[in-house]
Amino acid sequence: MKIRTVGRHIRQGFLNLSRNGWMTFASVSAVSITLLILGVFLLLALNVNHLADVVENQVEIRAFLDLTADSEDIENVEKELEQILGVESYTFVSKDEGLSEFREGFPEQDQDLLEGLEEENPLPDSFVIKAVDPQKTGEVAEKVLKLPHVYDVTYGKETVEKLFKVTNTIRNFGLVFIIGLTFTALFLISNTIRLTIMARGKEIEIMKLVGATRGFIRGPFFVEGLLMGLIGSIIPIILLLVGYYFLFSYVTSEFLILNVMLPLYPLALQIAGILLGIGAFIGIWGSMMSVRKFLKI
Amino acid sequence: MKIRTVGRHIRQGFLNLSRNGWMTFASVSAVSITLLILGVFLLLALNVNHLADVVENQVEIRAFLDLTADSEDIENVEKELEQILGVESYTFVSKDEGLSEFREGFPEQDQDLLEGLEEENPLPDSFVIKAVDPQKTGEVAEKVLKLPHVYDVTYGKETVEKLFKVTNTIRNFGLVFIIGLTFTALFLISNTIRLTIMARGKEIEIMKLVGATRGFIRGPFFVEGLLMGLIGSIIPIILLLVGYYFLFSYVTSEFLILNVMLPLYPLALQIAGILLGIGAFIGIWGSMMSVRKFLKI
Amino acid sequence: MIEMQDVWKTYPNGSTALQGVSVKIDKGEFVYVVGPSGAGKSTFIKLMYREEKPTKGKIFLNGFSVEKMKEKQIPRLRRSIGVVFQDFKLLPRLTVYENVAFAMEVIETPKRNIKPRVMEVLELVKLKHKVRSFPDQLSGGEQQRVALARALVNNPSIVIADEPTGNLDPDTSWEIMDIFEQINTRGTTVVMATHNREIVDTMRKRVIAIENGRIARDQERGEYGYED
Amino acid sequence: MIEMQDVWKTYPNGSTALQGVSVKIDKGEFVYVVGPSGAGKSTFIKLMYREEKPTKGKIFLNGFSVEKMKEKQIPRLRRSIGVVFQDFKLLPRLTVYENVAFAMEVIETPKRNIKPRVMEVLELVKLKHKVRSFPDQLSGGEQQRVALARALVNNPSIVIADEPTGNLDPDTSWEIMDIFEQINTRGTTVVMATHNREIVDTMRKRVIAIENGRIARDQERGEYGYED
Ligand SMILES: Nc1ncnc2c1ncn2[C@@H]1O[C@H](COP(=O)(O)OP(=O)(O)OP(=O)(O)O)[C@@H](O)[C@H]1O
Ligand SMILES: Nc1ncnc2c1ncn2[C@@H]1O[C@H](COP(=O)(O)OP(=O)(O)OP(=O)(O)O)[C@@H](O)[C@H]1O
Ligand SMILES: [Mg+2]
Ligand SMILES: [Mg+2]
């Protein structure tokens, strides 16, 4: 195919788009709406996933040291902890800190009851440890337990397992939803573009009768499909990003938790990329598939 | 319009549907997919709402009685409670029961510390009260506080208020989502049906030139739109109900919580009704709107 | 009765098709409309059944004030006229039978009367063997005859035909002209745009010659003219 | 060179259009194809550029084995032929200019050569003033002339015309015939299906008469025949 033919296809693609008026409008708006829905749920899923991460990251291991452990032993444990794969961070909690933490857990009126503890602190020194992958907390805890001077390890086994079951279920459902939604979006968009182009089956017939090759006929439709996909994805991208920005401001100011939603910056690029990609890809694909139907004979 | 004309429109509507082959297929499947998405999220929203209800229903008021209250006073309080609007149920918790509850809250190792309490129980008698509308727990608590012999009332004010803020936010978002999704579904469906019918603008022109009235032209299109909407909604209804049935079985068996999802029975009818209604309504509406465009001149 | 008074027609794209046409066609007349390609014959005809609206001027047909009438009235106007369109305008998704029957269904004819009448006119145009075919399964001439059958099926008081023999061989054309002659003797007004010199010169009728949007000649029992 | 050997054509719906047609048309010939409506003229023509495939028989054109050729080759076959379709087949979303230019773009003609040539053929068919119009803004005869311009624009070695004067007045028809005569003297093969007795009888050429799907007559310098 010669360069000038490519130029012609591009020009013709734009021309068809504008001469098709309401049909173009109908398909582009259908593409937009579909991608908008997909985008909303994509954002939702990403945030739910993020939230699950945040919750999971609260899980920590408490490793209690022998009551006899001296500061040298503690340093040794620290060194060992550094060696363990999968440990993200650890903090030393002395027996005194441990006691005040313990006391904070009780209501004001019961404080007198605990007064006696102050004198002979029954609590051991301990480490608070976080796993790199919270889902592997159990494994890490086991390794920590094997260290010298560590006599016990707790991380709320049952609660944590239940939590992970819940977060994993949510993640899986989210994934299934998004995959399902992506496919339905792909289907809806290609379907709309098909309807638009198939209404022009007669024209394709005529082009063939005048001696146009398949490639030549496809050209402008390729451009048209691409344009419909791109235009159709720009609108939802703008809406989504603006909407997300305001929602983000609202949620962070209202709930005063900064970490509850993903920040706009890298997310904006991802969403824009995904939607533009889907729009362009399906625009072209839907258009090529429908033209193919008429090119057969 | 004569009866035989109505008959003709119905026959012609069916005929057009079958002669339009792939176009009918494309629109009906687009309607199906759109309604499927809507249905999935409708089910999701209804269940999230249900879950929020379940969680809210855990909220209870604890009303503490004067230490001096005797069994007669307690009976009086009971009678008064029965009078208060908005109280769903109440249970009496004696001071002994209260103590064992309190002790259960402490870990095994600390039980000795609390041993002394047994002899001189410092806890009062109390009532556990549930509000008909959990969101009105605060109001009910206030009323209860005014009763004679009630010296204090707790219901975890801050936690409960935070909880309701969360559940209400979820509910509101869910509602906005569903409304938004319903509108986009309406738009997508009417758009598809439009594309299908607008491809036949020339035919409508011809009918007009042969002397057909608007009503006569509309007839078969009305039937066609209705049929496309109905056929397009039956498929997602079946898929949704079967899918929900299996999910329900899975969730209730896996998590062993019966109450976590809404049962299939009244839900099935609601969903079927909503989707059929939307399908039929939008099928007709989309079809009539597109025909109207060509009937203008 | 068809009457035009100083009718002008300029299409939205600026091309002027008619420039001050005044004409009167009485009930029961047979009129040929002739003229070179692009002269305005089809436009002249389209104004009668309100496919187009005049830019200026008045049009009367069977008591209707065509250019002024309301949308709602138009079907009634069109039902009193049988039109053979130059480009046939058959409904592509209906069979030959259904296309012709459509014109009868439109006026809510009882079903039992439709079938015999449709078969009768299809017999007349020699297309009984094609009743089940769709328009795109017909030859050009066959399509033209279906269009003719549809125009005649309701026995309209006016038949307007735009180039009804353009795709027909001379023999078939003459058969069609015989049909026109017959319905005309039974009182039907016939207005026919044509390029067929043989027919105009043989079957002498009133000839209205349109040239460049103006009536150049209006002659009883005229001939085609334009000898080169 | 066009050759058919015992060609049969039955359409999928069962109607038989051709029954054993054998014919040979040499390079540079001028052939009229005549016959009653529905005889099979258009089918005969459609087989040449492979709009339709024969049910049986062999077709050769300019060295192509038409009925056997692969999908991919068809555009090359069609580019060597200029076709005037009976129903015009103009692209509705393209202007007159673009419709004609389309045939040149298809063969990847340099852009600067397209404009002068398109204007030249539009001049030839007297439609220069309508270059910017869309097909539905043209009269029947104007559309037919655009179709003709498109068929001629690439100077094909074979021109096939199906009823190219059906919507034209006699004067314009003769102008068109002059064009055909001219390109024929320059060596172009012309195959033309027609119902125009005047033309066939005046401009004497080879006449192939098709009746009921069979070649009923094949005569050098023949006349239209079928006197009623
Ligand atoms: N819809 C339209 N929009 C713009 N111009 C039009 C339209 N229809 C017709 N014209 C122009 O008006 C003029 C008259 O057209 P009309 O169809 O009446 O001619 P005609 O006499 O029927 O010609 P023919 O014999 O070729 O059918 C022509 O120049 C044509 O290009
Ligand atoms: N696509 C098709 N499907 C089925 N039958 C067809 C098809 N095209 C043509 N026919 C039939 O084949 C026969 C020959 O048709 P064809 O178009 O070749 O006739 P023609 O000689 O060109 O007639 P005309 O002069 O009316 O154009 C006719 O009976 C017609 O009904
Ligand atoms: Mg005309
Ligand atoms: Mg033909």
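Chains as they are written, first to last, in the working numbering: chain Z, -12 to 284; chain H, -12 to 284; chain V, -7 to 220; chain G, -7 to 220.
Where is the CB? At the ideal position from N, CA and C, for every residue including glycine.
Under the three-state reduction of DSSP, which class applies to G/S131: helix, strand or coil?
G/S131: coil per DSSP, three-state reduction.
Less than 8 Å between CB atoms is the rule here; does Z/E190 satisfy it with respect to chain G?
yes
For H/D139, three-class secondary structure by DSSP:
strand
Burial state of Z/G198, where buried means 16 or more other Cβ atoms lie within 10 Å
buried
Contact under 8 Å by Cβ, V/Q135 with V/P156
no
Name the DSSP bridge partner or partners of V/S(-3)?
Reading the sequence as shown, one finds Gln at residue -3 of chain V and not Ser. For V/Q(-3), which the question treats as bridged, DSSP gives the partners V/K50.
Pick out whichever of G/I191, G/V151, G/R196 has its Cα sitting closest to the Cα of G/G20.
G/V151
Measuring straight from C-alpha to C-alpha, what distance separates Z/L68 and Z/A56?
In a straight line, the C-alpha of Z/L68 is about 16 Å away from that of Z/A56.
Let me make sure I understand the geometry here. Which of H/R187, H/I165, H/G270, H/N108 has the alpha-carbon closest to that of H/G85?
H/N108
Enclosing alpha helix (DSSP H) for H/G202 [first to last residue]:
201 to 242
So with Cβ pairs under 8 Å, would you call H/V147 a contact of chain Z?
False, the Cβ-Cβ gap to chain Z never drops below 8 Å.
Members of the stretch 67 to 85 of chain G near chain Z, C-beta cut-off 9 Å:
Those would be P67, R68, L69, R70, R71, S72, I73, V75, F77, K81, L82, L83, P84, R85, in chain order.
Is it right to say Z/V153 is buried, meaning 16 or more other beta carbons lie within 10 angstroms of its own, or is it exposed?
exposed
Examine chain Z for any beta-carbon lying closer than 8 Å to the beta-carbon of H/A32, and answer yes or no.
no
Using a threshold of 7 Å, is the CB atom of V/N159 nearer than that to any non-hydrogen atom of ligand 2?
yes
Excluding the five sequence neighbours on either side, which residues of its own chain have a C-beta within less than 7 Å of the C-beta of Z/K283, listed in chain order?
none
Would you mind stating whether Z/A17 and H/N178 have Cβ atoms separated by less than 8 Å?
yes
So G/N146 packs on G/A93, CB below 8 Å; how close in whole Å?
Contact doesn't hold; Cβ gap of about 11 Å is too wide.
Would you say Z/R181 lies against chain H (beta-carbon separation less than 8 Å)?
yes
Less than 8 Å between the beta carbons of Z/P207 and Z/Q45, yes or no?
no
The alpha helix (DSSP H) enclosing H/R279, as first and last residue numbers
Element bounds for H/R279: 251 to 282.
With a threshold of 16 other CB atoms inside 10 Å of the CB of H/N246, please say whether the residue is buried or exposed.
exposed
Indicate the three-state DSSP secondary structure (helix, strand or coil) for G/K16 in the structure shown.
strand
Looking at chain V, is there any beta carbon in it that lies within less than 8 Å of the beta carbon of G/Q129?
yes
I'd like to confirm the pairing. Which residues does DSSP put opposite Z/T78 in its beta bridges?
Z/V115
Hey, how far is the Cα of Z/I265 from the Cα of Z/L214?
12 Å
Taking 7 Å as the cut-off, is the C-beta of G/Q78 nearer than that to any heavy atom in ligand 4?
yes
Give every residue of the same chain whose Cβ lies closer than 7 Å to the Cβ of H/G26, excluding the five residues on either side of it in the sequence, and list them in chain order.
P223, L227, I258, L262
Check each candidate in H/I(-10), H/Y232, H/T21, H/V15 and name the one with the smallest Cα separation from H/F174.
H/T21
Cut-off 6 Å between Cβ atoms - residues of its own chain near G/R213, not counting five sequence neighbours on either side:
Within the same chain, R196 come within 6 Å of G/R213 by CB-CB distance, once the 5 residues on both sides are set aside.
Measure the Cβ-Cβ separation of V/I249 and V/Y41 and say whether it is below 8 Å.
Residue 249 of chain V lies beyond the residue range present for chain V, which begins at -7 and ends at 220; the question has no answer from this structure.
Mind checking whether the beta-carbon of V/G49 lies closer than 7 Å to any heavy atom of ligand 1?
no
Note down, in chain order, each residue of its chain lying with its Cβ closer than 7 Å to the Cβ of V/G27, except the 5 sequence neighbours on either side.
K33, A201, I202, E203
Spatial neighbours of Z/L52 in its chain, beta-carbon cut-off 8 Å, leaving aside the 5 residues before and after:
D60, I61, V64, P111, D112, S113, F114, H136, V137, Y138
Please check the pair H/G161 and H/N3, which I expect to be a contact at CB under 8 Å, by giving their CB distance rounded to whole angstroms.
Not a contact, Cβ separation roughly 40 Å.
When Cβ atoms are compared, which residues of the stretch -9 to 4 of chain Z fall closer than 7 Å to chain G?
R(-9), T(-8), R(-5), N3
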